[in-house]
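In the numbering used here, the protein residues as written are 37 to 189.
Structure representation (structure tokens):
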């Protein structure tokens, strides 16, 4: 079981963000939900030193400023952030979006259903899996990176 780390929701639609938060309450998820309205804002949150890194990111694709695909490219290239699982949660059924998301390192791709009960069911499955999964500890990764780059050759 994951300690009570936050969930980062990257979603520009306020109604969809409220739906996710409502579903989390209905599922009795105890993790806090940090909401960013685009990839740029989420990246600023993730790279601040004073923030607790989320144990999972729920990512929309079609957003202003920095969309989900660009966000995925940046996060998965970042040594301290690339191990955070990212689940694409979007309305896009485009095969190109699915393929590119997985190519860039997405851990999952879920199309948002219109029916609320189906939406809750999908989020429940996501939360059950990722809350139970063993994930790398960022502080161990940071120590390993520090050691690697500071070790004599």
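C-beta atoms are modelled at their ideal positions from N, C-alpha and C, and glycine is treated no differently.
For clarity, every value in this text was computed on a predicted model and none was experimentally measured.
- According to DSSP, residue 144 shares a beta bridge with 123.
- The three-state secondary structure of residue 108, taken from DSSP, is helix.
- For residue 45, the three-state secondary structure derived from DSSP is strand.
- Counting only residues of its own chain and dropping the five nearest sequence neighbours on each side, residue 40 has a CB closer than 7 Å to the CB of 66, 67.
- Short of 6 Å from the beta carbon of residue 82, and not among the five residues preceding or following it, lie these beta carbons of its own chain, in chain order: 117.
- Bridge partners of residue 94 according to DSSP: 45, 123.
- Remark: fewer than three beta-carbon pairs, one from each stretch, lie closer than 8 Å, so the stretch 158 to 165 and the stretch 127 to 137 are not flagged as touching.
- Between residue 45 and residue 71, the CB-CB gap stays under 8 Å.
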